[in-house]
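Data block below; observations after.
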Amino acid sequence: MTAGLVDLAGWQEDFYRDLHRHPELGHQEVATAASVAAALRDFGYDVHDRIGSTGVLGIFTNGDGPVVLMRADMDALPVAEDTGLPYASTVRVPDADGDEVPVMHACGHDVHVACLLGAARLLAESPSAWRGTYIALFQPAEELADGARSMLDGGLADLIPRPHVALAQHVLPLPAGRVGTRSGAFLSSGDSVRVTVWGRGSHGSMPQLAVDPVVLAANIVVRLQGVVAREVAPGEFAVLTVGRIAAGTKSNIIADHAVLELNIRTFSESVRTTIVNAVRRIVEGECAASGSPRPPTFEFYDHYPVTVNDPAATATVAQAFADYFGDLAFTIDRQSASEDFSEIPEAFGAPYCYWGLGGADPEAYAKADAAGTLASEIPANHSPRFAPVIEGTLRNGTAAAVVAALAWLGTNP
Numbered sequence: 039m040t041a042g043l044v045d046l047a048g049w050q051e052d053f054y055r056d057l058h059r060h061p062e063l064g065h066q067e068v069a070t071a072a073s074v075a076a077a078l079r080d081f082g083y084d085v086h087d088r089i090g091s092t093g094v095l096g097i098f099t100n101g102d103g104p105v106v107l108m109r110a111d112m113d114a115l116p117v118a119e120d121t122g123l124p125y126a127s128t129v130r131v132p133d134a135d136g137d138e139v140p141v142m143h144a145c146g147h148d149v150h151v152a153c154l155l156g157a158a159r160l161l162a163e164s165p166s167a168w169r170g171t172y173i174a175l176f177q178p179a180e181e182l183a184d185g186a187r188s189m190l191d192g193g194l195a196d197l198i199p200r201p202h203v204a205l206a207q208h209v210l211p212l213p214a215g216r217v218g219t220r221s222g223a224f225l226s227s228g229d230s231v232r233v234t235v236w237g238r239g240s241h242g243s244m245p246q247l248a249v250d251p252v253v254l255a256a257n258i259v260v261r262l263q264g265v266v267a268r269e270v271a272p273g274e275f276a277v278l279t280v281g282r283i284a285a286g287t288k289s290n291i292i293a294d295h296a297v298l299e300l301n302i303r304t305f306s307e308s309v310r311t312t313i314v315n316a317v318r319r320i321v322e323g324e325c326a327a328s329g330s331p332r333p334p335t336f337e338f339y340d341h342y343p344v345t346v347n348d349p350a351a352t353a354t355v356a357q358a359f360a361d362y363f364g365d366l367a368f369t370i371d372r373q374s375a376s377e378d379f380s381e382i383p384e385a386f387g388a389p390y391c392y393w394g395l396g397g398a399d400p401e402a403y404a405k406a407d408a409a410g411t412l413a414s415e416i417p418a419n420h421s422p423r424f425a426p427v428i429e430g431t432l433r434n435g436t437a438a439a440v441v442a443a444l445a446w447l448g449t450n451p
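Heads up, the sequence shown is in this note's numbering, so the first residue is 39 and it goes up one at a time.
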């Protein structure tokens with residue numbers, strides 16, 4: 039069946055370039071969802087759309103057999119693209135707060151959509167090669183951590199049978215064409231925390247009359263850098279990042295408050311608790327030391343669960359990849375990124391496998407690896423320079439989706 043990848047390439051690459059050029063933020067994927075739904079209908083799928091805002095579902099029933107679900111996320115990020123590609127995004131739109139922001143597919147969700155559509159088309163065009171039901175699920179708002187939940191709340195369970203297995207993949211800054219599986223914990227949990235600390239405003243020339251929240255926030259940032267280094271046991275995994283600080287409106291005005299936005303990644307609930315407790319302790323302690331007139335506030339949001347691949351399902355996918363891809367298939371390391379995909383199979387009590395897909399130019403990757411410059415030369419997800427190469431990425435991402443599905447639905451591709 040994967041022999042059809044050659045015939046698929048022209049249409050798929052055009053679809054991908056157009057999608058990359060026209061990205062949409064989470065829960066705003068109206069045009070993307072419409073294009074996906076139209077393609078699925080052309081392929082002969084039973085289509086449901088507007089599930090949990092902009093979610094799309096394509097169902098192809100091909101006789102009795104297992105039910106396989108594969109998911110792709112559709113949303114982009116508020117990032118200004120700096121790839122120099124001829125199909126680069128120049129889109130700017132209002133975000134959920136009404137502020138105009140640039141938009142870019144900086145995490146590769148356009149790759150995921152194009153690959154799943156390609157797989158859906160190949161399966162529909164080769165019904166004699168498989169039996170069962172294939173569900174192509176296109177999810178909104180993964181970057182907001184509520185897209186999977188919104189589809190479930192929107193009645194997903196009433197529209198599809200319980201999957202025997204759920205599948206998903208993510209393009210990563212690895213050589214294009216490589217596919218990596220990992221049994222057990224694969225992606226970390228993720229939590230964002232918005233911390234507001236309070237000072238006392240004053241004229242910039244009269245700091246003695248103020249409690250400066252900028253200095254307070256700066257001290258908090260410095261203290262937080264010791265949490266992972268000194269409070270998490272060596273060998274445990276944790277990331278604590280301060281991604282945003284906001285305070286004040288003018289250089290000669292001392293503000294009355296500052297806002298810090300933190301991100302926490304862990305694989306262990308006990309480590310997560312350690313970090314959350316440390317954040318609270320440090321923030322409250324620095325506020326007390328600075329004479330803050332009000333206690334700080336903590337707002338937890340954008341929670342992602344740990345992605346834990348089912349061992350049996352992952353072994354099946356890994357074997358199928360080894361048989362098809364040979365040396366390009368490998369066991370991938372745990373990743374510090376986070377995902378909400380697992381909420382969908384867990385709602386059905388279904389096992390799942392989520393794997394990594396390489397998207398970087400193999401020659402550029404090998405050269406950077408040899409020079410020890412991977413971090414600076416190979417842009418990672420969420421970078422304004424993130425640009426998966428088309429040919430090897432789309433071809434093998436589509437093949438991976440088909441090969442994994444046929445491990446349950448059919449014979450060898």
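Beta carbons: idealized from backbone N, C-alpha and C, even for Gly. All values derive from a computational prediction rather than experimental measurement.
*Does the ligand ZN have even one heavy atom less than 7 Å from the beta-carbon of Ala71?*
With respect to the ligand ZN, the structure shown offers nothing to examine, as it has no ligands at all.
*Residue environment, Met244, which counts as buried when at least 16 other CB atoms sit within 10 Å*: The residue labelled residue 244 in the question sits at position 206 within the sequence shown. Met244 is exposed by the Cβ-count criterion.
*Exposed or buried, Val44, counting other C-beta atoms within 10 Å across all chains shown (16 or more means buried)?*
On the sequence shown, position 6 is the one that residue 44 refers to. Answer is exposed; the Cβ neighbour count stays below 16.
*Starting from Arg130 and walking both ways along the beta strand (DSSP E), at which residues does that stretch end?*
Taking the first residue of the sequence shown as position 1, residue 130 is located at position 92. It spans 130 to 132 - the beta strand (DSSP E) in which Arg130 sits, taken as one unbroken run.
*Name, in chain order, the residues that DSSP records as bridge partners for Leu161.*
The residue labelled residue 161 in the question sits at position 123 within the sequence shown. Leu161 pairs with nothing; no bridge assigned.
*Assigned exposure category for Tyr339 - 16 Cβ within 10 Å defines buried*: Here the question's residue 339 lines up with position 301 in the sequence shown. Tyr339 comes out exposed.
*Which of the three DSSP states, helix, strand or coil, is assigned to Gln373?*
For the purposes of this step, residue 373 is identified with residue 335 of the sequence shown, where counting begins at 1. Gln373 falls in the strand class under three-state DSSP.
*asked:* Let me check one thing: in DSSP terms, what residues is Ser230 bridge-paired to?
replied: By one-based count along the sequence shown, residue 230 stands at place 192. Checking the DSSP bridge columns, you'll see Ser230 partnered with Asn301, Tyr339.
_On the CB-based measure, 16 or more other CB atoms within 10 Å of its CB, does Pro201 come out buried or exposed?_
Position 163 of the sequence shown holds residue 201. Buried.
_Minimum C-alpha distance to Leu278 - residue among Leu161, Arg261, Asp294_ = As a working mapping, residue 278 is identified with position 240 in the sequence shown. Per the Cα distances, Arg261.
*Could you give the distance in angstroms between the alpha-carbon of Phe305 and the alpha-carbon of Ser380?*
What you label residue 305 is simply residue 267 of the sequence shown in a count that begins at 1. What you label residue 380 is simply residue 342 of the sequence shown in a count that begins at 1. Distance between the alpha carbons of Phe305 and Ser380: 14 Å.
*Of the residues Asn434, Gly435, Pro426, which one's Cα is nearest the Cα of Pro211?*
Locating residue 211 in the sequence shown gives position 173, counting from the first residue. Distance from the Cα of Pro211 is smallest, within the candidate group Asn434, Gly435, Pro426, for Pro426.
*Taking DSSP as the reference, what is the three-state secondary structure of Pro451?*
The sequence position of residue 451 within the sequence shown is 413, counting from 1. The predicted model places Pro451 with a pLDDT of 43, which falls under 50 and marks its position as unreliable, so this point remains unresolved.
*Looking only at DSSP bridge pairs, what is Ala276 linked to?*
Residue mapping note: residue 276 aligns to position 238 of the sequence shown, counting from 1. DSSP lists Thr304 as partners of Ala276.
*Nonlocal neighbours in the same chain, by C-beta distance under 8 Å from Ala353, ignoring five residues either side*: As a working note, residue 353 is residue 315 in the sequence shown. Here Ala353 has Ser221 as same chain residues with Cβ atoms under 8 Å from its own Cβ, once five neighbours each way along the sequence are excluded.
_Mapping the DSSP letters down to three states, classify Glu138 as helix, strand or coil._
Locating residue 138 in the sequence shown gives position 100, counting from the first residue. DSSP places Glu138 in strand when its eight states are reduced to three.
*With a CB to CB cut of under 7 Å and the five nearest residues on each side skipped, what residues in its chain are close to Pro165?*
Taking the first residue of the sequence shown as position 1, residue 165 is located at position 127. The answer, listed in chain order, is Asn100.
_On a Cα-Cα basis, can you pick out the residue from Leu254, Thr287, Val314, Ala223 that is closest to Val266?_
Along the sequence shown, read from residue 1 onward, the residue named residue 266 stands at position 228. Checked all of Leu254, Thr287, Val314, Ala223; the closest Cα to Val266 is Val314.
_Gly146 versus Val209 - alpha carbon distance_ = For the purposes of this step, residue 146 is taken as residue 108 along the sequence shown, with counting starting at 1. For the purposes of this step, residue 209 is taken as residue 171 along the sequence shown, with counting starting at 1. In this structure, the alpha-carbon of Gly146 lies about 6 Å from that of Val209.
_alpha helix (DSSP H) segment containing Phe379, residue limits_ = Here residue 379 refers to the residue found at position 341 when the sequence shown is read from its first residue. Secondary structure note for Phe379: it is in no alpha helix (DSSP H), with a DSSP letter that is neither H nor E.
*asked:* I need the straight-line Cα distance from Leu123 to Ala404, nearest angstrom please.
replied: As a working mapping, residue 123 is identified with position 85 in the sequence shown. As a working mapping, residue 404 is identified with position 366 in the sequence shown. Each residue's CA atom was taken as its position, placing Leu123 and Ala404 some 22 Å apart.
*Taking the CB atoms as reference points, tell me whether Ala293 and Pro251 lie closer together than 8 Å.*
As a first step, residue 293 is located in the sequence shown; it is residue number 255 there, counting from the start. As a first step, residue 251 is located in the sequence shown; it is residue number 213 there, counting from the start. Judged by their CB atoms, Ala293 and Pro251 are nearer to each other than the 8 Å cut-off.
*asked:* Between which two residues does the alpha helix (DSSP H) holding Tyr172 run?
replied: Locating residue 172 in the sequence shown gives position 134, counting from the first residue. Not the alpha helix (DSSP H): Tyr172 falls in the beta strand (DSSP E), residues 170 to 177.
*asked:* Considering only DSSP beta bridges, list what Asn100 is partnered with.
replied: Here residue 100 corresponds to residue number 62 of the sequence shown, with the count starting at 1. According to DSSP, which records beta bridges pairwise, Asn100 is partnered with Gly170.
*Of all the options Tyr342, Pro61, Pro178, Gln263, which has the alpha carbon lying nearest to the alpha carbon of Pro132?*
Along the sequence shown, one-based indexing puts residue 132 at 94. The option with the nearest alpha carbon to Pro132 is Pro61.
*Report the three-state DSSP secondary structure of Pro211 (helix, strand or coil).*
To locate residue 211, count along the sequence shown from 1; it is residue 173. For Pro211, the three-state secondary structure derived from DSSP is strand.
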